[in-house]
Amino acid sequence: MNQLGFVIQQRPDPPDWIFALDTPNFAPAPELWEWIKTVFLDKKSKLFNPDHFHLGAFYYPEIAVLWAQCGFKKQGRFVVGQAEKIMINAGGWKKERQEQQFYQWFNDLPEYLITIDASYAKQASDVDFCALIEHELYHIAHKKDKYGVPSYNRETGKPNLAIQGHDVEEFIGVVRRYGASTDVQNMVKAANQRPLVSKVDIHHACGTCYLKVV
Ligand SMILES: [Zn+2]
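If you want this note's numbering, it's the position in the sequence shown, counting the first as 1, plus 92.
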């Protein structure tokens, strides 16, 4: 791998200043979107995933990325990443305040926003970091029309997007007592296969541990 390839594929770190303040704060992360495009959306990349191909048509900040100083607790779980469609359900000053915040971060109103916990990212392994990023990318799906065919915007020609829930929502206790539903069975099947992406691929693509892997 040449020097340039190495630099481009280096996994971006959150900025240090984000950890310096006691109050929660955020930092726009255009470098993380560039890295996502290079690593997961580019057909030439070893970690290219055709499941995310529709996202390649979008530029920052149509899909914007944000570092959050730390994660948060929601429904008893700790959240380290989030993908959302930007919808400002407010009027008057409330709407204007929210819009101003986005303009300050991104110079524009994003259509979708991916937020990543910077504290988690700082200590996560390359494998865990890649898995988190792809998890969030899977939430932004190519929208299908009523016939189940992937749909495109008539004006821009770009894929229509939609937020997609998780493939499996179930309790371990229910599976233990009642057995696996089709969705859970599919998850088990995937879990029992060798991962398509090997740790070596990730180390090479992320760069940070490149020299440690033989
Ligand atoms: Zn999720």
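Glycine included, each C-beta is placed from N, C-alpha and C at the ideal position.
Pair every Cβ in the region 234-248 with every Cβ in the region 185-198, then say whether three or more of these pairs are closer than 8 Å.
-> The region 234-248, when compared against the region 185-198, does not touch it at the 8 Å Cβ threshold.
Give a yes or no on contact between the region 152-161 and the region 197-209, applying the rule of three or more CB pairs nearer than 8 Å.
-> Counting C-beta pairs closer than 8 Å gives three or more between the region 152-161 and the region 197-209, which meets the contact rule.
Output the distance between the C-alpha atoms of residue 265 and residue 288, rounded to the nearest integer angstrom.
-> C-alpha separation (whole angstroms): 29 Å.
Rounded to whole angstroms, what's the CA-CA distance from residue 152 to residue 255? Just pull it up for me.
-> When rounded, the distance between both Cα atoms is 18 Å.
Go through its chain and collect everything with a Cβ distance to residue 279's Cβ below 7 Å, but skip five positions before and after it.
-> The residues are 259, 260.
Over the uninterrupted beta strand (DSSP E) stretch that includes residue 209, give me the two end residues.
-> Per DSSP, the continuous beta strand (DSSP E) segment holding residue 209 begins and ends at 204-209.
For residue 144, verify whether its CB is less than 7 Å away from any heavy atom of ligand 1.
-> Because no heavy atom of ligand 1 lies under 7 Å away, the Cβ of residue 144 does not count as near it: no.
Quick one: Cα of residue 249 to Cα of residue 175, how far?
-> So the two alpha carbons sit approximately 23 Å from each other.
Any heavy atom of ligand 1 closer than 7 Å to the CB of residue 234?
-> Taken from the Cβ of residue 234, every heavy atom of ligand 1 lies 7 Å or farther away.
Using the rule of at least 16 other Cβ atoms within 10 Å of the residue's Cβ for burial, across every protein chain shown, is residue 247 buried or exposed?
-> Note on residue 247: under 16 other CB atoms within 10 angstroms of its CB, so exposed under the neighbour-count rule.
Indicate whether at least one CB of chain D lies closer than 8 Å to the CB of residue 164.
-> Of the chains in the structure shown, none is chain D; there is only one protein chain.
Under three-state DSSP, which class holds residue 93?
-> Reliability of the predicted coordinates at residue 93 is poor, the pLDDT of 42 falling under 50, and no value is obtained from them.
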